[in-house]
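A.B. asks: Residue numbers (our numbering), protein chains in the order written: chain A, 1 to 288; chain B, 1 to 288; chain C, 1 to 288; chain D, 1 to 288.
The structure that follows is given in the form of structure tokens.
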């Protein structure tokens, strides 16, 4: 028996960079950038020989220096960084650059959008992860922190019962969910901003309009809607928290509660995870 | 020397209630309600005699039961609850009901607002605290989680220097701040929703348009704008985090950085706190 | 009516400094330091004239520079910083320095304490706040993040009932609480480390041994035990979260549950706040 | 092209159960239990037919009901739950039960351990994940929230330099890390408590005593020490945050700083991830 080094990677995580593009009006791009490099790093693990190691401090510097050029969409910026690490450092065989973008909206002042003042536009973040190897690259993008709720149009019944079942069936329940969606792109020449905006719109519209018999059904319909409309998306993975809202029993107080007053519980929660894909999608390779 | 009980209060904190108003279109109100009761509670502290104690479980039930009636604005709901505890329980001499409202926006589907599907609209919360005693009451409302940023229009120079000063003066800096604002209402017949909306608008517009020589100056101008426009507001307290964005030195990489690439730091941060009031404002009493 | 500036203060918050004292064995002190200065700062608020303003960046530098000298207990360090700002800057009439200390314990290696390797010793933090004015100063110290639980020895019954009461009385409940305790010192020549250690010990022992008829009773007994034993403590303020653990109803599964299986709920929680003091305690002044 | 359902699983996450074993002295076990079931769940995704679905509410009930029997170590409890879901529900082909255990220590009162009063013993959690299929099962255990620091005995030099390198080499740096370790067990008849305690001890001792030329080297040595000593552990995965502590430049204040005063930075941080395994380890199957 010999002890050996298995999979490994390292990098600088969560470099928080804000890029201002100045002019008559300013634009800002607020990104948290994480880098993970894999490759020929056995020596540093076994002997502390760092000759192949690109310090994480250098990686941070690279993020800032690269942000001096026009950033473009986060997918563009992630790819640019990923290609750099793979091409400039022989020991690096795979670079994954993950970016979370925090949204800002222009403040309206005097009825007009202000040229250089902004308010944070929600807790939802736009995500991307570009993975680059010598002769291939993959882009996975997505959303995190999206909170959705429908106050009707959701049922849950006909489920399997056993010795531990106490849940009553319902033909009308509140459905609230925190969504993390990540989708893998295929092909080239993709309009990242449009693809993202449309994927987001389709996820929300489908959540709203699909009558739900289970959160799984809603999840699948949301993924299906994206794949049907966006040929550049090969696969979508959805992770949806079922954030339970319980109808409060008001009978002890002489009141009816016809799905009007809910207690929003923190934990436990349901966690529904699923992938929707195409049967002819290109293999995912090292995308995830 | 005798050991004695001093100030004390107790209550149920963070009851998370969601109220749905059903009809052709649904409306939702998502509130986290905290209650604190003060009064004649010496016995439970000294001997464990609970005969004056309204259990916090009962307080929670009361929140849910009261939510069955139309909730109105959070200020209305807080007052209704506060008055109840003071009037129905002789031992309770002061009730403070604090509510944070989480915002939701209707999802747009097929170009139209959906009747019963919603997306969470940001991490900013609307706040209120109603404090009721037998013969008086006070309302303090506000905002928390508001993040603002201006990419120019801010300077910082002419400050006091000492042995420990290394900060260079600047005529152009990024100014980013997390704001918590709370304002005390005076008078009666107040339109809570309009007052809140206008106070919020004035805070944002002033942040945007006031050229800033210090965050203190910005804070004062924001408070002043609210007081000038809203006679129903007697006093406003602002707590503003100066979330530092440092210009990254790109010279080692042969690049200039003319306020374009910033490192957003988490800690430490500046914390600027100030009150703006009227010289003839009614006393705050137990409002805070 | 004139709009005026009311109470205000500003400073650098959460400067995270770690001080190593090197020798044959190393000692470390891990502190998060927050400073708030009040005084003659009207000009910066009204006109942006910063001539009285000690930049928060300078305050941060001062923390680091002062940490070069032996730090001592956090109370010593806070006082040293507080006195500096009041004495060296005429505009500063009050300086409050708040410190949270993160605890570390030496790692045991080969059966012996290691001279320079440490593991973090829990999430509880030791706190202090020193408030200095020209001719007086106050020290408030304490603990936050202390979690206590007793699985029996707690009752709750005999409380006031009303239309909204559904809680059954209990002669045996689990009592779990997150404690924040802060106590004000009086007198001089205090041994900060001993006083802190003993106050902590007394809080824990009293929580453990006092049979509880209400969390209020437990709170008072804890405070009383500290004041009885420690003459240097004039007043103690306790904030205790009642973190509810509900007995799960297992009858649907044919099982009895005699206070064995509990569901630990996150929210809502009870919040019990109280002050225990001496009737002859010196006035608190600006201590809090 | 057809759109199809890919990998999916669902379950109840973060059921927080506290089990008290009563007697002359009480024992408590504080666990957060998450369940994920995979299997034949296509129908609910495609049509909302829930006949195969074991509701997450039932899963929660099962956790509580199973906790009525003696819990044992978290690995025992996770296996018992996992086996139940796979064996009792034909549609379930894989059940993964993940448990985080929160540690409590007995309060010392009057010099003796108290029989039923406890204090929370740190923020570190013991972890396990048991994965069960019809004819196999795997156990992965570990630790999260472990914070380690050494104030000397760490160097970093000889790394690769490029256009973006500014980091100076160092022969003496502070090394602070937040560790998540997870290890896969092989074989049977394992003493879970002893294996966990020893793995933890070896990780800490190795961190302390191994002179470090890189965090990668430290990571590998920690994993190697565990594998060398514990034959029941087949593989260990370590994720270590390099929590940077920067030596503060005190020269502007006329002071030397010989690795005494550090600024502890939050973000960005280095993230070092690696696996240490045996060349003859049994395949991991669905363990992870």
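Note that beta-carbon positions come from the ideal geometry of N, C-alpha and C, so glycine has one too.
1. Is the Cβ-Cβ distance between residue 237 (chain D) and residue 275 (chain D) less than 8 angstroms?
2. Hey, would you say residue 190 (chain A) sits closer than 8 angstroms to residue 128 (chain A), going by beta carbons?
3. If you check the beta carbons only, do residue 179 (chain A) and residue 148 (chain A) fall under 8 angstroms apart?
4. If you compare alpha carbons, which of C:125, C:170, C:47 and C:21 is closest to residue 151 (chain D)?
5. If I'm right that residue 209 (chain D) touches residue 109 (chain C) with Cβ under 8 angstroms, what's the distance once you round it to whole angstroms?
6. What's the gap between the Cα of residue 139 (chain C) and the Cα of residue 78 (chain C)?
7. Closest to residue 278 (chain B) by C-alpha separation, out of B:173, B:184, B:36 and B:52, would be which residue?
8. From residue 272 (chain A) to residue 136 (chain B), what does the alpha carbon distance come to, in whole angstroms?
9. Using a C-beta cutoff of 8 angstroms, does residue 149 (chain B) count as contacting chain A?
10. Against residue 164 (chain A), what residues of chain C qualify as contacts under a CB-to-CB distance less than 7 angstroms, listed in chain order?
11. Using 10 angstroms around the beta-carbon of residue 164 (chain C), count the other beta-carbons present and answer buried if the total reaches 16, otherwise exposed.
12. Compare the C-beta of residue 278 (chain D) against all C-beta atoms of chain A and say whether one is closer than 8 angstroms.
13. Evaluate contact between the segment 41-57 of chain B and the segment 216-223 of chain C, counting only Cβ atoms and requiring at least three cross-stretch pairs below 8 angstroms.
14. Please confirm whether residue 257 (chain A) and residue 29 (chain B) have their CB atoms less than 8 angstroms apart.
15. In this structure, what does DSSP give as the bridge partners for residue 265 (chain C)?
16. Do you know offhand how far residue 212 (chain C)'s Cα is from residue 169 (chain C)'s?
17. Around the C-beta of residue 120 (chain C), are 16 or more other C-beta atoms found within 10 angstroms, so that it is buried, or is it exposed?
18. Determine whether the Cβ of residue 160 (chain C) lies closer than 8 angstroms to any Cβ atom of chain A.
19. Return the CA-CA distance between residue 292 (chain D) and residue 54 (chain A), expressed in angstroms with no decimal places.
20. In chain order, what are the residue ranges of uninterrupted alpha helix (DSSP H) at least 4 long that sit wholly in the segment 35-111 of chain C?
21. Using the rule of at least 16 other Cβ atoms within 10 Å of the residue's Cβ for burial, across every protein chain shown, is residue 246 (chain B) buried or exposed?
22. Roughly how many angstroms separate the alpha carbons of residue 176 (chain D) and residue 99 (chain D), rounded to a whole number?
23. Evaluate residue 57 (chain D) with the Cβ neighbour count: other Cβ atoms within 10 Å of its Cβ, from every protein chain shown; 16 or more gives buried, anything less gives exposed.
24. Give the range of the alpha helix (DSSP H) segment to which residue 171 (chain A) is assigned.
25. Within 10 angstroms of its Cβ, does residue 188 (chain B) collect 16 or more other Cβ (buried), or is it exposed?
26. Under 8 angstroms Cβ to Cβ from residue 107 (chain B), same chain only, skipping five residues before and after it: list those, please.
27. With distance defined between alpha-carbon atoms, name the residue in C:241, C:26, C:25 and C:52 nearest to residue 37 (chain C).
28. Below 9 angstroms between beta carbons is the criterion; list the residues of the segment 215-234 of chain A that meet it against any residue of chain C, in chain order.
29. Please work out which residues of its chain come closer than 6 angstroms, Cβ to Cβ, to residue 92 (chain C), disregarding the five sequence neighbours upstream and downstream, and give them in chain order.
30. Under 8 angstroms Cβ-Cβ, which residues of chain A neighbour residue 264 (chain B)?
31. What are the boundary residues of the beta strand (DSSP E) that includes residue 286 (chain D)?
32. In this structure, how does DSSP classify residue 194 (chain B) when only helix, strand and coil are distinguished?
33. Identify the continuous alpha helix (DSSP H) that holds residue 220 (chain A) and give its terminal residues.
34. Per DSSP, which one or two residues make a beta bridge with residue 33 (chain A)?
35. For the putative contact between residue 195 (chain C) and residue 233 (chain C), defined by C-beta atoms under 8 angstroms, what is the C-beta separation to the nearest angstrom?
36. Locate the beta strand (DSSP E) running through residue 251 (chain D), then write down its first and last residues.
C.D. replies: Working from what's here:
1. As a position in the fourth chain, residue 237 (chain D) is number 237, starting the count at 1. As a position in the fourth chain, residue 275 (chain D) is number 275, starting the count at 1. Against a cut-off of 8 angstroms, the Cβ pair of residue 275 (chain D) and residue 237 (chain D) comes out as a contact.
2. Taking the first residue of the first chain as position 1, residue 190 (chain A) is located at position 190. Taking the first residue of the first chain as position 1, residue 128 (chain A) is located at position 128. No, Cβ-Cβ distance for residue 190 (chain A) and residue 128 (chain A) is not below 8 angstroms.
3. As a position in the first chain, residue 179 (chain A) is number 179, starting the count at 1. As a position in the first chain, residue 148 (chain A) is number 148, starting the count at 1. Taking 8 angstroms as the Cβ cut-off, residue 179 (chain A) and residue 148 (chain A) qualify as a contacting pair.
4. Counting from one through the fourth chain, the residue named residue 151 (chain D) turns up at place 151. Closest by alpha carbon: C:21.
5. Start at 1 with the first residue of the fourth chain, and residue 209 (chain D) comes out as number 209. Start at 1 with the first residue of the third chain, and residue 109 (chain C) comes out as number 109. Indeed they touch by this definition, with Cβ atoms about 5 angstroms apart.
6. Stepping through the third chain from its first residue, residue 139 (chain C) is reached at position 139. Stepping through the third chain from its first residue, residue 78 (chain C) is reached at position 78. Rounded to whole angstroms, residue 139 (chain C) to residue 78 (chain C) spans 9 angstroms at the Cα level.
7. Translated into the one-based positions of the second chain, residue 278 (chain B) becomes position 278. If we check each option's Cα against that of residue 278 (chain B), B:184 comes out closest.
8. The count along the first chain starts at 1 and reaches residue 272 (chain A) at position 272. The count along the second chain starts at 1 and reaches residue 136 (chain B) at position 136. Going from the Cα of residue 272 (chain A) to the Cα of residue 136 (chain B) covers about 50 angstroms.
9. Start at 1 with the first residue of the second chain, and residue 149 (chain B) comes out as number 149. Taking Cβ atoms only, chain A reaches closer than 8 angstroms to residue 149 (chain B), which makes this a yes.
10. Position 164 of the first chain holds residue 164 (chain A). What residue 164 (chain A) touches in chain C: 253.
11. Taking the first residue of the third chain as 1, we reach residue 164 (chain C) at position 164. The residue in question, residue 164 (chain C), is buried, as its Cβ has 16 or more Cβ neighbours within 10 Å.
12. Within the fourth chain, the letter at position 278 stands for residue 278 (chain D). By this cut-off, residue 278 (chain D) is an interface position.
13. yes
14. Counting from one through the first chain, the residue named residue 257 (chain A) turns up at place 257. Counting from one through the second chain, the residue named residue 29 (chain B) turns up at place 29. Not in contact: residue 257 (chain A) and residue 29 (chain B) (Cβ atoms no closer than 8 angstroms).
15. Position 265 of the third chain, counting from 1, holds the residue named residue 265 (chain C). In the DSSP output, where bridge partners are listed per residue, residue 265 (chain C) has none listed.
16. For this step, residue 212 (chain C) is matched to residue 212 along the third chain. For this step, residue 169 (chain C) is matched to residue 169 along the third chain. Distance between the alpha carbons of residue 212 (chain C) and residue 169 (chain C) is about 14 angstroms.
17. The residue given as residue 120 (chain C) occupies position 120 in the third chain. Under this definition residue 120 (chain C) is a buried residue.
18. Along the third chain, one-based indexing puts residue 160 (chain C) at 160. No, its Cβ sits nowhere closer than 8 angstroms to a Cβ of chain A.
19. Nothing about residue 292 (chain D) can be read from this structure; chain D reaches only from 1 to 288.
20. 42-47, 56-66 and 74-88
21. Translated into positions along the second chain, residue 246 (chain B) becomes position 246. Exposed is the call here.
22. Taking the first residue of the fourth chain as position 1, residue 176 (chain D) is located at position 176. Taking the first residue of the fourth chain as position 1, residue 99 (chain D) is located at position 99. For residue 176 (chain D) and residue 99 (chain D), the distance between alpha carbons rounds to 27 angstroms.
23. Numbered from its first residue, the fourth chain carries residue 57 (chain D) at position 57. The residue in question, residue 57 (chain D), is buried, as its Cβ has 16 or more Cβ neighbours within 10 Å.
24. Walking along the first chain from the start, residue 171 (chain A) turns up at place 171. No alpha helix (DSSP H) holds residue 171 (chain A); DSSP gives it neither H nor E.
25. In the second chain, counting from the first residue as 1, residue 188 (chain B) sits at position 188. Exposed.
26. Within the second chain, the letter at position 107 stands for residue 107 (chain B). If we look at residue 107 (chain B) and ignore the five residues flanking it on each side, its Cβ neighbours are 113, 114, 117, 118 and 119.
27. Taking the third chain and counting its residues from 1, one reaches residue 37 (chain C) at position 37. It is C:52.
28. none
29. Numbered from its first residue, the third chain carries residue 92 (chain C) at position 92. If we look at residue 92 (chain C) and ignore the five residues flanking it on each side, its Cβ neighbours are 37, 39, 85 and 86.
30. For the purposes of this step, residue 264 (chain B) is identified with residue 264 of the second chain, where counting begins at 1. 16, 17, 18 and 30, listed in chain order.
31. Along the fourth chain, read from residue 1 onward, the residue named residue 286 (chain D) stands at position 286. Segment: none, residue 286 (chain D) is in no beta strand (DSSP E) and carries neither H nor E.
32. Residue mapping note: residue 194 (chain B) aligns to position 194 of the second chain, counting from 1. If DSSP states are grouped into helix, strand and coil, residue 194 (chain B) belongs with the helices.
33. Here residue 220 (chain A) refers to the residue found at position 220 when the first chain is read from its first residue. Start and end: 215-229.
34. Translated into positions along the first chain, residue 33 (chain A) becomes position 33. Its beta-bridge partners are A:15 and A:99.
35. The count along the third chain starts at 1 and reaches residue 195 (chain C) at position 195. The count along the third chain starts at 1 and reaches residue 233 (chain C) at position 233. The pair is a contact, with the Cβ atoms about 7 angstroms apart (cut-off 8 angstroms).
36. Stepping through the fourth chain from its first residue, residue 251 (chain D) is reached at position 251. Per DSSP, residue 251 (chain D) belongs to no beta strand (DSSP E) and is neither H nor E.
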